[in-house]
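The next block holds one structure in the form of structure tokens; read it before the comments.
In this note's numbering, the protein residues as written are 30 to 449.
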């Protein structure tokens, strides 16, 4: 790999706890939108901030609605000259459908194309790949939600932090020790500070000052089943949200949880897809009451949560799941809701694309109705959107516009309704 940045290990800052051708129709649709920002547009490219349960752009004081997508591998692809054009293609094609936010990984802990090769050590080549992702997003007027860690082992995640801790002689017994071990929390804080304080080598702007970034996500889909009370994860969220805000007061912060209800609201446990999900250490209401959290994060995977259900049952679940979370985000939490991931897999052949589009439209309709009533802001991000040439990364959920023009039209129609 490239040059490594390995500053001497130190305690993290303390803080109080509180070459792919674009599709022809994309090229036509992007004629006036994918160019580099003009001077007037630069003035309007201000950070997005929270106003109660809604989002607005600071400069123009205009409502900002998230109509987004996930493409998690952008940094990894940008680190390789052979695959870098697919990064531009993914962002440009999404912009062509009117999407305005991309959620992607800003972490890779150990392994192939690692950003963090070891605690306090970062690969400059991969960091420059992330620079490219951020600069391309800005060029196409695409905001970013950057996730800082993974609950799962893909791209390292909390399991890699635990391995590093064990290698350093720390007594650890579970991957859940990531949330409580002082040494591991120090590793995470050091990484967070390195990312947030990074000076982009292309734009010459610190990430923490770049309005291209909409929000930081603490960790993708955190769970801590070793403590079903939720106390361990709650303490971690409170500490890390406060830490992020101590470095970056401009950007929004979200947790990245799936949205399961927990012990603080026993009357809502029946809304969860199953009994187990109420005992994984997360708690939708309590978690989002932590100081420093700006957005209520929810995921929707009824195909995996309710694998034996009918299509009608999936639609009913989405309606109930979304409306309960929208009501709670607006009335109990007073913050925007972000459906950070939603999708339906076509991998096993159980569902056809026609029903996937019905599923997607159900998600959009639920949010749209609540937004149009003035109840709440935020938005939804599809899992996931790929350009041609990245099919080998498909987990069954990928939408590829060239193979599904009807889905392109669905997304574009939703854009027009939101006036993104």
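Glycine residues also receive a C-beta, built at the ideal position from the N, C-alpha and C atoms. Owing to the predicted nature of the structure, the values given are computational and were not obtained by experimental measurement.
For residue i, which of the options has the nearest alpha-carbon?
i	options	result
residue 152	419, 332 and 139	139
residue 208	408, 180 and 314	180
residue 88	75, 82, 98 and 382	75
residue 430	394, 231, 382 and 90	382
residue 436	372, 235 and 397	372
residue 279	318, 236, 309 and 330	236
residue 397	418, 368 and 417	368
residue 206	190, 246 and 378	190
residue 294	273, 418, 258 and 427	258
residue 80	403, 133 and 135	403
residue 334	347, 323 and 203	347
residue 442	389, 365, 212 and 155	389
residue 393	213, 446, 199 and 343	446
residue 271	399, 309, 321 and 167	321
residue 451	114, 332 and 297	The first residue shown for the chain is 30 and the last is 449, placing residue 451 beyond what the model contains.
residue 263	274, 292 and 245	292
residue 310	289, 112, 387 and 440	289
residue 342	401, 137 and 391	391
residue 111	345, 366 and 419	419
residue 439	399, 416 and 385	385
Check this for me: beta carbons of residue i and residue j, under 7 Å apart or not?
i	j	result
residue 106	residue 123	no
residue 117	residue 196	no
residue 249	residue 285	yes
residue 158	residue 104	yes
residue 319	residue 358	no
residue 405	residue 355	yes
residue 276	residue 222	yes
residue 269	residue 247	yes
residue 160	residue 230	yes
residue 26	residue 96	In this structure the chain extends from 30 to 449, so residue 26 is not present and cannot be described.
residue 171	residue 228	no
residue 174	residue 408	no
residue 261	residue 253	yes
residue 323	residue 281	yes
residue 132	residue 410	yes
residue 102	residue 422	yes
residue 395	residue 364	no
residue 212	residue 186	no
Can you tell me which of the three DSSP states residue i falls into?
i	result
residue 402	coil
residue 420	helix
residue 152	strand
residue 140	coil
residue 179	strand
residue 444	helix
residue 188	helix
residue 439	helix
residue 287	coil
residue 413	coil
residue 427	coil
residue 135	coil
Given a threshold of 16 other Cβ atoms within 10 Å of its Cβ, counted over all protein chains shown, does residue i qualify as buried or as exposed?
i	result
residue 312	buried
residue 283	buried
residue 299	exposed
residue 226	exposed
residue 432	exposed
residue 216	buried
residue 141	exposed
residue 63	Note that residue 63 scores a pLDDT of 39, beneath 50, so its modelled location is shaky; the value from the coordinates is reported in the next line. Looking at its Cβ environment, which holds 16 or more other Cβ atoms inside 10 Å, residue 63 is buried.
residue 376	exposed
residue 67	Unreliable placement is indicated for residue 67, whose pLDDT of 46 sits below 50; no coordinate value is reported for it.
residue 287	buried
residue 339	exposed
residue 129	buried
Complete beta strand (DSSP E) runs within the stretch 355–399 (minimum length 3 residues, chain order): 366–371
Any alpha helix (DSSP H) of 4 or more consecutive residues that is wholly inside the stretch 290–358: 313–317, 331–334 and 340–357
Any beta strand (DSSP E) of 3 or more consecutive residues that is wholly inside the stretch 195–263: Correct list: 242–246.
Beta strand (DSSP E) segments (min. 3 residues) lying fully within the stretch 72–128: 77–80, 83–86 and 95–99
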